[in-house]
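Asker: In our numbering, the protein residues as written are 12 to 271.
The beta-carbon is built from N, C-alpha and C at its ideal position, and this holds for glycine as well.
Keep in mind the model is a prediction, meaning the values are calculated, not measured.
Let me begin by handing over the structure; questions about it come next.
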Amino acid sequence: AIFLVYSFFRVDGARLVAEPGLQNYRRFFTDAIYLPVFLRTCVLCLEVAGLTLLLGYPVAYLLAALRGRKKYVLLLLLVVPLLMSYIIKIYAIRSILGGTGFLNRALMWLGVIDQPSMLFVFNLNAVLLTLTVLLLPFAILPIFLSLERIPRGLIEAAADLGGTAAHTFLLVVLPLSLPGVIAATTFVFVLALGDFLTPLMVGGQSGFTFGRIIYSQFGTAFNWPFGAALSMILAAAVMATIALGAWLGGRGAAWRGGPP
Numbered sequence: 012a013i014f015l016v017y018s019f020f021r022v023d024g025a026r027l028v029a030e031p032g033l034q035n036y037r038r039f040f041t042d043a044i045y046l047p048v049f050l051r052t053c054v055l056c057l058e059v060a061g062l063t064l065l066l067g068y069p070v071a072y073l074l075a076a077l078r079g080r081k082k083y084v085l086l087l088l089l090v091v092p093l094l095m096s097y098i099i100k101i102y103a104i105r106s107i108l109g110g111t112g113f114l115n116r117a118l119m120w121l122g123v124i125d126q127p128s129m130l131f132v133f134n135l136n137a138v139l140l141t142l143t144v145l146l147l148p149f150a151i152l153p154i155f156l157s158l159e160r161i162p163r164g165l166i167e168a169a170a171d172l173g174g175t176a177a178h179t180f181l182l183v184v185l186p187l188s189l190p191g192v193i194a195a196t197t198f199v200f201v202l203a204l205g206d207f208l209t210p211l212m213v214g215g216q217s218g219f220t221f222g223r224i225i226y227s228q229f230g231t232a233f234n235w236p237f238g239a240a241l242s243m244i245l246a247a248a249v250m251a252t253i254a255l256g257a258w259l260g261g262r263g264a265a266w267r268g269g270p271p
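Written out as structure tokens, the structure reads:
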């Protein structure tokens with residue numbers, strides 16, 4: 012609530028002036044910087060969500076297909092990184108993507124590049140890859156839970172009726188796992204949208220995102236009212252995304268004839 016109140020204030024020198032008005036919100040829409048950065052950040056978050064789905068769905072499918080101790084060991088390995096410090100994980104990924112990191116060394120060994128590339132260091136590419144790695148577990152777990160809820164009898168019935176593995180996946184497994192896919196997309200998009208630490212540590216000057224702008228308004232610029240207004244806009248975007256995800260998840264559950 013305090014952010015909402017502050018968003019209607021203005022700054023006069025070093026003082027906060029309680030002068031209600033929409034000037035901070037007007038500035039977001041009229042300035043040439045803030046709206047484009049917000050839209051670019053949304054596109055980046057969609058790319059992160061897409062990559063995590065492409066990488067996470069096969070892993071979730073494999074986990075759901077496993078039985079016994081192997082499944083729980085792999086689930087434990089998936090959950091353990093979530094308990095680690097966020098900053099330590101970012102530093103670890105940054106060292107891998109760096110000029111002398113594992114990625115460059117592997118590409119040079121394969122002959123793809125002749126010298127270390129800075130393509131994945133201190134730019135939006137670095138932010139994209141780092142967020143994808145950090146948020147991958149948040150995509151895998153909802154999809155895994157959705158796949159776990161699919162009755163094995165349906166898959167066996169599809170096979171008994173002559174369906175190939177590809178047909179069974181496309182016509183049975185994938186549609187029934189859509190609620191998990193929608194939940195994973197929502198989680199990853201929202202978490203990426205609100206992240207400012209990753210762009211700050213690996214984005215450099217070209218990796219500026221909306222979260223970094225909000226951070227700078229409260230930090231270096233000391234313009235709390237404008238930062239509060241940007242925070243409220245971000246909060247509105249997050250709530251809209253969650254509402255859309257809940258609506259799509261509800262429609263998917265209704266379509267498959269089960270609870271959400």
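1) Using the Cα positions of Pro271 and Leu202, report the straight-line distance between them to the nearest angstrom.
2) Taking Leu241 as the reference, which of Leu204, Ser217 and Thr197 has the closest Cα?
3) Between Leu255 and Asn234, what straight-line distance do the alpha-carbon atoms span, to the nearest angstrom?
4) Starting from Ile27, trace the beta strand (DSSP E) both ways and give me its first and last residue.
5) Can you check which of these residues, Phe180, Leu139 and Thr175, is closest to Cys53 by C-alpha distance?
6) Give the C-beta separation of Met250 and Ser18 to the nearest angstrom, bearing in mind that I take them to be a contact with Cβ-Cβ under 8 angstroms.
7) Could you check what DSSP says for Arg116 in three-state terms: helix, strand or coil?
8) Starting from Arg21 and walking both ways along the beta strand (DSSP E), at which residues does that stretch end?
9) Around the C-beta of Arg116, are 16 or more other C-beta atoms found within 10 angstroms, so that it is buried, or is it exposed?
10) Where are the alpha helix (DSSP H) runs, 4 residues long or more, that stay fully inside the region 110-182, in chain order?
11) Where does Ala60 sit, in a helix, a strand or coil, going by DSSP?
12) Can you tell me which of Gly215, Val90, Arg223 and Ala194 puts its alpha carbon nearest to the alpha carbon of Gly61?
13) Assess, as a yes-or-no matter, whether the region 221-232 is touched by the region 184-192 under the definition of 3 or more beta carbon pairs within less than 8 angstroms.
14) Which whole-angstrom value is the C-beta distance of Leu74 and Leu85, which I expect to be below 8 angstroms?
15) Going straight from the alpha carbon of Cys56 to that of Phe49, what length do you get?
16) Decide if Arg223 is buried, meaning its Cβ has at least 16 other Cβ atoms within 10 Å, or exposed.
17) Grab the span of the alpha helix (DSSP H) containing Ala194 for me, first residue to last.
18) Where does Leu15 land, buried or exposed, given buried means 16+ other C-beta within 10 angstroms?
Answerer: This is what the structure gives:
1) By one-based count along the sequence shown, residue 271 stands at place 260. By one-based count along the sequence shown, residue 202 stands at place 191. In this predicted model, Pro271 has a pLDDT of only 48, less than 50, meaning its place in the structure is not dependable enough to derive any value.
2) To locate residue 241, count along the sequence shown from 1; it is residue 230. Considering only alpha carbons, the answer is Leu204.
3) In the sequence shown, the residue the question calls residue 255 occupies position 244. In the sequence shown, the residue the question calls residue 234 occupies position 223. Looking at the two C-alpha atoms, the distance is approximately 32 angstroms.
4) Taking the first residue of the sequence shown as position 1, residue 27 is located at position 16. First, the amino acid is wrong: residue 27 is Leu here, not Ile. From DSSP, the beta strand (DSSP E) with Leu27 extends over Arg26 to Val28.
5) Residue 53 sits at position 42 when you count from the first residue of the sequence shown. Nearest of Phe180, Leu139 and Thr175 to Cys53, Cα basis: Leu139.
6) Position 239 of the sequence shown, counted from the first residue, corresponds to residue 250. Position 7 of the sequence shown, counted from the first residue, corresponds to residue 18. So it is not a contact: roughly 15 angstroms between Cβ atoms.
7) As a first step, residue 116 is located in the sequence shown; it is residue number 105 there, counting from the start. The answer is helix: DSSP assigns Arg116 an H, G or I state.
8) Along the sequence shown, one-based indexing puts residue 21 at 10. Start and end: Arg21 to Asp23.
9) Reading the sequence shown from its first residue, position 105 is the one you call residue 116. With fewer than 16 Cβ atoms within 10 Å of its Cβ, Arg116 is classed as exposed.
10) List check, alpha helix (DSSP H) in window: 113-121, 135-159, 163-171 and 176-179.
11) What you label residue 60 is simply residue 49 of the sequence shown in a count that begins at 1. Note: Ala60 maps to helix in three-state DSSP.
12) As a working mapping, residue 61 is identified with position 50 in the sequence shown. Cα-wise, what sits closest to Gly61 is Ala194.
13) no
14) As a first step, residue 74 is located in the sequence shown; it is residue number 63 there, counting from the start. As a first step, residue 85 is located in the sequence shown; it is residue number 74 there, counting from the start. That belief holds up - the Cβ atoms of Leu74 and Leu85 are roughly 6 angstroms apart, short of 8 angstroms.
15) One-based indexing of the sequence shown puts residue 56 at position 45. One-based indexing of the sequence shown puts residue 49 at position 38. In this model, Cys56 and Phe49 are separated by some 11 angstroms (Cα to Cα).
16) Indexing the sequence shown from 1 puts residue 223 at position 212. Arg223 sits buried, since 16 or more C-beta atoms from the chains shown fall within 10 Å of its C-beta.
17) Indexing the sequence shown from 1 puts residue 194 at position 183. Segment Leu189 to Leu204, the alpha helix (DSSP H) holding Ala194.
18) By 1-based counting over the sequence shown, the position of residue 15 is 4. So Leu15 ends up on the exposed side.
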